[in-house]
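Read left to right, the sequence shown gives residues 1 to 531 (the UniProt record's numbering).
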Amino acid sequence: MNSYILNRSQGSIHPFQFHFAQCTRLVHGLAAAPGIRFSAGKQHKSQPGAADIAEGTPDIRHSDFDFEDIWAHKAGVNVLAIDQYEKRYTEKLQVAKRINLSMVSGGADTSIHLWDLEGRGTELNYLHQPVASVSKYVLPGFQTKLIDCHSRQLYKRQTNASTHTHALTSLSIYPFDPTPSTILSTSHDATLKLSSLGESDIVPVHTFNLHSTPYSHSLSAHQASHLLIAVGTSENAIRLLDLRSGLSTHALPAHTGAVISVQWAPHNPHLIASGSKDNRVIIFDVRRGGRNSAIASFDMDDSMGILSLESPASQQTSQSGKLFSTSSRAHNGTVTGVRWTSNGSHLLSAGQDSRIRVWDASTGANTLIHFGPRIRNSASLHLAERAPLVLPENNSVVTLSQGHGAVLWPNYNDQDDRGEIFMFEIHDGTQIKHLRVPGLISREKPRGRPTALSAARINALAWRGNGASGEGMEMFSAHGDGTIRSWTSRTEEDEEFEAEAVNNEQEEKKRKRDILDEVYRGLMQPGVTFT
């Protein structure tokens with residue numbers, strides 16, 4: 001890296017080359033940061049007193065309620081969302097005294113928390129506290145507002161009727177606000193809610209009743225966006241919700257199973273990609289109605305492709321039979337996630353056949369990129385979106401050709417979750433990094449029924465390109481045991497500095513021990529008189 005800095009100062013290399021080398025170095029140096037934790041309530045080192053227990057409720061001072069636990073959502077963290085457009089509102093936030101960069105988390109306990117990621121600066125030992133929260137249940141008399149979902153019957157409850165009543169399934173931050181002031185969330189209560197972010201609270205302001213379970217949603221961030229929310233539901237169709245009118249406009253039918261994952265194309269405000277329980281990946285054009293809205297379906301056996309999705313509508317119509325086929329299959333199992341690359345040149349899909357496939361968006365061809373046999377994706381406990389995390393090209397590994405970049409995949413395996421996260425090159429499937437959740441012991445054999453309340457179960461990933469205070473890069477993972485874990489860039493210089501600090505500390509301790517030993521031996525020598 002020193003040679004890059006010298007060559008950059010001399011002007012012998014292009015700034016892009018220096019940027020690429022530094023970003024690659026930081027991404028490849030991603031490692032666990034166990035000292036950074038997220039807590040939804042204050043820690044209690046002692047059991048609650050009588051005054052803290054709600055009137056008329058049982059005495060829980062000697063129950064299993066653990067006040068030393070560090071958890072973000074007691075029943076498990078389901079979803080994470082980070083605003084990727086922080087540069088557009090930094091100055092306004094400073095005037096309004098609002099947070100500089102936000103992450104939103106949603107849990108199986110119906111709660112939503114807003115976290116200030118800039119609060120810790122560059123500290124590697126820090127306890128984040130939510131700056132705003134909303135939950136169905138309120139526990140009076142305690143400093144924390146959340147209830148252990150397994151013990152909720154013990155308390156006298158206050159119910160917040162406007163919030164979600166079931167576990168959250170997806171979460172996003174509205175991309176067009178000058179400041180991050182609106183979030184969108186879906187839940188197993190068959191609703192999508194728009195909520196306003198206050199300085200200390202989150203207030204639901206509008207509810208879309210979907211009458212079916214929503215698994216995912218997507219809002220186009222394109223500048224020509226129609227302000228339509230695409231929602232993948234259990235009714236085998238994509239629902240389109242209009243933010244202007246607050247109503248559902250129409251549906252996009254084509255799938256024969258529940259739609260698990262949806263995402264708008266970043267380069268075209270009219271195209272939506274979807275993955276379903278029917279093993280198919282379908283591209284929809286919202287300008288069309290009914291079944292004609294499905295313009296292409298991907299086939300894992302097709303490595304040639306047919307037609308560009310950007311071609312004129314008349315040409316698409318004339319070859320619609322070749323573009324869309326009801327017999328095409330993208331995976332040999334439920335498609336749990338679809339994600340576009342930042343420039344829209346490729347589409348990635350993940351299926352319960354333990355495969356991640358990369359599709360050429362211009363032709364619909366399967367690029368036949370293989371990510372190795374270690375990919376796992378199975379979930380028999382419940383149906384949920386499981387999508388790969390494609391690193392944005394504007395602040396991660398950027399290459400000179402389209403489609404190159406990196407993708408992160410957390411393994412899902414009901415029988416043996418090991419807390420594994422793999423990082424691959426998108427263009428050739430090369431493994432870059434293998435991350436493990438620290439402190440986990442892999443089980444030799446599956447014992448009993450599989451559980452989702454495990455630290456090894458990684459439900460979601462979120463990427464922060466600029467890291468703490470602009471230094472390095474960060475990733476956050478949502479876990480089934482209710483924790484949010486942080487992963488930061490650790491370079492060789494950082495490791496050498498930490499090793500030197502540890503050595504200095506050990507030498508100082510050794511020096512003090514030697515002094516004490518010398519004093520002790522001097523006192524124990526014969527001839528010493530005590531007066």
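Glycine is no exception: its CB is placed at the ideal position from the N, C-alpha and C atoms.
In the three-state DSSP reduction, E507 falls in the helix class (H, G or I). Counting C-beta pairs with one atom in each stretch, the segment 325-333 and the segment 267-274 have fewer than three that are closer than 8 angstroms, which means they do not touch. Residues A132, S133 and V134 of the same chain have their beta carbon placed closer than 8 angstroms to that of D201, with the five preceding and five following residues left out of the count.
Between V262 and I238, the gap from beta carbon to beta carbon is short of 8 angstroms.
The alpha-carbon of P204 is positioned some 13 angstroms away from that of L171. Under the three-state reduction of DSSP output, V519 falls in the helix class. For N125, no beta strand (DSSP E) run applies, since DSSP gives it neither H nor E. Closest in alpha carbon position to S102, among S220, V390, H370 and D116, is D116. By the Cβ-count criterion, I306 is exposed, with fewer than 16 other Cβ atoms from all chains shown falling within 10 Å of its own Cβ. In this structure the segment 296-304 does not lie against the segment 235-251, because fewer than three pairs of beta carbons, one per stretch, are closer than 8 angstroms. Of the other Cβ atoms in all chains shown, 16 or more fall within 10 Å of the Cβ of Y137; this residue is therefore buried. DSSP lists no bridge partner for N268. Within the same chain, Cβ atoms closer than 6 angstroms to the Cβ of L435 are found at I421, the five residues on either side in sequence being excluded.
DSSP places D177 in no beta strand (DSSP E); its state is neither H nor E. In this structure, the straight-line span from the alpha carbon of F424 to that of H188 is close to 32 angstroms.
C-alpha of P392 to C-alpha of R511: approximately 50 angstroms in a straight line. Rounded to the nearest whole angstrom, the C-alpha separation of L408 and Q431 is 10 angstroms.
For R355, the secondary structure class from DSSP, reduced to helix, strand or coil, is strand. Boundaries of the beta strand (DSSP E) harbouring A32: L30 to A32, taken from the DSSP string.
Under the three-state reduction of DSSP, M475 is assigned to strand. Of all C-beta pairs linking the segment 32-41 to the segment 473-491, three or more are shorter than 8 angstroms, placing the two stretches in contact.
The beta-carbon separation of G522 and I458, rounded to 57 angstroms, does not stay under the 8 angstroms limit for a contact. DSSP places Q415 in the coil class of the three-state scheme, outside both helix and strand. For T256, the CB contacts under 7 angstroms within the same chain, skipping 5 residues up- and downstream, are N236 and D278 in chain order.
The shortest C-alpha to C-alpha distance from H250 to any of A224, I260, I283 and L210 is the one to L210. Proximity to H73 across L80, I375 and G106 peaks at G106, based on C-alpha coordinates. In this structure, L219 places its C-beta atom within 8 angstroms of the C-beta atom of L184.
Judged by DSSP in its simplified three-state form, D301 adopts coil rather than helix or strand. Per DSSP, S133 is one residue of the beta strand (DSSP E) stretching across P130 to V134. When rounded, the separation of the alpha-carbon atoms in K433 and V27 is 9 angstroms. Burial check for D83: the Cβ neighbour count within 10 Å reaches 16 or more, so the residue is buried. In this structure, the CA atom of A32 is about 14 angstroms from the CA atom of E123.
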